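Each residue of the sequence shown is one higher than the one before, counting from 221 in the numbering used here.
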Amino acid sequence: MRMVDLIAKKRDGHELSKQEINFIIEGYTSKGIPDYQMSAFSMAIFFQGMTKNERVYLTDAMVKSGDVIDLSEIDGIKVDKHSTGGVGDTTTLVLAPLVAAVGVPVAKMSGRGLGHTGGTIDKLESVPGFHVELNNEEFVRLVNENKIAVIGQSANLTPADKNLYGLRDVTATVDSIPLIASSIMSKKIAAGADAIVLDVKTGDGAFMKNLDDASDLAEAMVDIGNGVGRKTMAIISDMSQPLGFAIGNSLEVKEAIDTLVGKGPADLHELCLTLGSYMVTLAGKANDINEARKMLEDVMESGKALEVFKTFLSSQGGDASVIDDPTQLPTAKYKVEVLAKRAGYISKITASQIGTAAMLLGAGRKTKESTIDLAVGLVLKKKIGDHVDNNESLVTIHSNSKDVDEVIRLIQDAYSIVDEQVETPALIYKEVV
Ligand code: URA
Ligand code: CA
Numbered sequence: 221m222r223m224v225d226l227i228a229k230k231r232d233g234h235e236l237s238k239q240e241i242n243f244i245i246e247g248y249t250s251k252g253i254p255d256y257q258m259s260a261f262s263m264a265i266f267f268q269g270m271t272k273n274e275r276v277y278l279t280d281a282m283v284k285s286g287d288v289i290d291l292s293e294i295d296g297i298k299v300d301k302h303s304t305g306g307v308g309d310t311t312t313l314v315l316a317p318l319v320a321a322v323g324v325p326v327a328k329m330s331g332r333g334l335g336h337t338g339g340t341i342d343k344l345e346s347v348p349g350f351h352v353e354l355n356n357e358e359f360v361r362l363v364n365e366n367k368i369a370v371i372g373q374s375a376n377l378t379p380a381d382k383n384l385y386g387l388r389d390v391t392a393t394v395d396s397i398p399l400i401a402s403s404i405m406s407k408k409i410a411a412g413a414d415a416i417v418l419d420v421k422t423g424d425g426a427f428m429k430n431l432d433d434a435s436d437l438a439e440a441m442v443d444i445g446n447g448v449g450r451k452t453m454a455i456i457s458d459m460s461q462p463l464g465f466a467i468g469n470s471l472e473v474k475e476a477i478d479t480l481v482g483k484g485p486a487d488l489h490e491l492c493l494t495l496g497s498y499m500v501t502l503a504g505k506a507n508d509i510n511e512a513r514k515m516l517e518d519v520m521e522s523g524k525a526l527e528v529f530k531t532f533l534s535s536q537g538g539d540a541s542v543i544d545d546p547t548q549l550p551t552a553k554y555k556v557e558v559l560a561k562r563a564g565y566i567s568k569i570t571a572s573q574i575g576t577a578a579m580l581l582g583a584g585r586k587t588k589e590s591t592i593d594l595a596v597g598l599v600l601k602k603k604i605g606d607h608v609d610n611n612e613s614l615v616t617i618h619s620n621s622k623d624v625d626e627v628i629r630l631i632q633d634a635y636s637i638v639d640e641q642v643e644t645p646a647l648i649y650k651e652v653v
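Below is the structure:
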């Protein structure tokens, strides 16, 4: 087989076989196939797309390019959740202890990554002492004992995807549904999940700006997951405005604590119950999503979900007393209110701009080398549909620097205020099974 012939085959719109796709991914991983041929191949996929079979083969080949995590020592059906990312998405912090509290094993491999805020691990590190440096035996033991543990990402997970994603980033081939879908799914599958619930976001703050693209991506991922034998389903949820109120690491931990006892922001609360219900059902702990939802509401109300969160944190070295006293979490020096310049109803909150504002404060990483300030971030006081008076606060800035003029400007610009009443946007557009 020659790579040049396979590029031509894809360029001309023909379907590649499993052997051909394995040849490409194995060759690329072992550096036998150079970046320039892989770039041309990615561009051919960008224009020609991939069939359902090709997507499954590509994902499977990328999974096998590195470590595949074996969770078979953990009792029960391991369900993972993946969100395509947005602004202030606090769901993982809530969902992991929430579903663990009803007996679903949560064996989570998580990362740091770039973004408006840190990743799940950064957020959890707001809790003094918490760490994710566990060996495999400890990880398995903790999940079996507590139903929940989080471990750092293995360095050798899907190296083919790591290299290809980097290459796509500089060759204008990121925006391809088959490539995005196989990239995301390869990582989830290599991390060992038996079943996967996907939260595909749509709107200004998301990767997929409109519902059609989000639906295509969701369908592509669900087909791949089921195609490789992992039960997979997706919902499409709104990211036209940030989720919940808090954007920032320790601020989101505090928001997660509130949500775990049923006192969180309405949208975050509802999204966690929806995603959680699917996870519990896929794990075989409930007969249907209504029963699952009731179980989750019960553990919120009884305090069991919060207890599980505490046990989880202290099992990984964290000082769980901060859960009862969140003032012990990292706290910023200054609080500055961003005031509305007129009265009216909030019609729009440009999520991407709010994300940039949080990043400017230091809540997220611009580059891999940046350090995160766990204390800083934003707390939204008003969401779409809310009424605001002139000079009333829209957002509280939590900052460690006095100079927040640029942040204030970005936030005021992100908010649109109109005279007529505005409806709250839908939170969940549809499900894809
Ligand atoms: N996220 C990923 O992990 N891969 C993509 O290709 C795009 C977004
Ligand atoms: Ca939030």
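Each residue gets a CB set at the ideal place from its N, CA and C atoms; glycine is no exception.
Everything numeric in this text was worked out from a predicted model, so none of it was measured.
Item                                                                                                                       : Value
Close-in-space but distant-in-sequence residues of the same chain around A563 (CB under 6 Å, 5 per side omitted)           : D609 and N610
Residues near L526 in its chain [Cβ-Cβ closer than 6 Å; skip 5 each side]                                                  : L480 and V481
Residue from F359, I397, I631 and A476 whose Cα sits closest to the Cα of M579                                             : I631
Those residues, in chain order, that have a beta-carbon closer than 5 Å to some heavy atom of ligand 1                     : I400, S403 and I404
Rounded distance between the beta-carbons of E626 and L559, thought under 8 Å                                              : The Cβ separation is near 16 Å, so there is no contact.
Beta-carbon spacing of V324, A503 below 9 Å                                                                                : yes
Runs of alpha helix (DSSP H) lying entirely within the segment 549 to 606, each at least 4 residues, in chain order        : 571 to 581
Every unbroken beta strand (DSSP E) within the segment 361 to 422, with a cutoff of 3 residues, ordered by chain           : 368 to 372 and 415 to 422
Uninterrupted alpha helix (DSSP H) stretches inside the segment 466 to 542 (no shorter than 4 residues)                    : 469 to 480, 486 to 502, 509 to 522 and 524 to 535
Cutoff 9 Å: V276 Cβ touching any chain B Cβ                                                                                : No chain B appears in the structure shown, which is made up of a single protein chain.
Short Cβ contact (9 Å threshold) for Y277 with K238                                                                        : yes
Separation of E439 from S300, as counted between CA atoms                                                                  : The question names Ser, yet the displayed sequence has Asp at residue 300. When rounded, the distance between both Cα atoms is 17 Å.
Beta-carbon contacts of S259 that lie in its chain and below 7 Å, excluding the five residues immediately before and after : L387 and T391
Close Cβ partners of T304 (< 6 Å) along its chain, the five nearest in sequence each way excluded                          : V420, K421 and F427
Proximity test, A466 beta-carbon vs ligand 2 heavy atom, cut-off 8 Å                                                       : yes
Sheet register partners of M329 (DSSP bridge)                                                                              : I371
Sub-9 Å separation of G349 and I341 beta-carbons                                                                           : no
Distance cut-off 8 Å: T531 Cβ against heavy atoms of ligand 2                                                              : no
Whole runs of the beta strand (DSSP E) within the segment 276 to 357, excluding any shorter than 3 residues                : 299 to 303 and 326 to 330
Alpha carbon of H336 to alpha carbon of M221, nearest angstrom                                                             : 44 Å
Residue from L463, S435 and V360 whose Cα sits closest to the Cα of I456                                                   : S435
Reduced DSSP secondary structure (H/G/I, E/B, other) of L614                                                               : strand
Cβ-heavy atom distance, L488 to ligand 2, below 8 Å                                                                        : yes
Ligand 2 heavy atom lying under 8 Å from the CB of P348                                                                    : no
Coil, strand or helix - S457 by DSSP                                                                                       : strand
Proximity test, G584 beta-carbon vs ligand 2 heavy atom, cut-off 8 Å                                                       : no
Per-residue DSSP class, three states only, for I244                                                                        : helix
Counterpart residues of K451 in DSSP-defined beta bridges                                                                  : A415
Rounded Cβ spacing between G496 and L313 (contact assumed at less than 8 Å)                                                : About 13 Å separates the two Cβ atoms, so there is no contact after all.
Spatially closest choice to L471 from E240, V394 and V599, by CA coordinates                                               : V599
Cβ-heavy atom distance, D419 to ligand 2, below 8 Å                                                                        : no
Assigned secondary structure, V642 (DSSP; H/G/I helix, E/B strand, else coil)                                              : coil
Rounded separation between S541 and A476 - CA only                                                                         : 15 Å
Local conformation of S619 per DSSP, three classes                                                                         : strand
Supposed close pair S619, L581 - CB separation, criterion 8 Å                                                              : 5 Å
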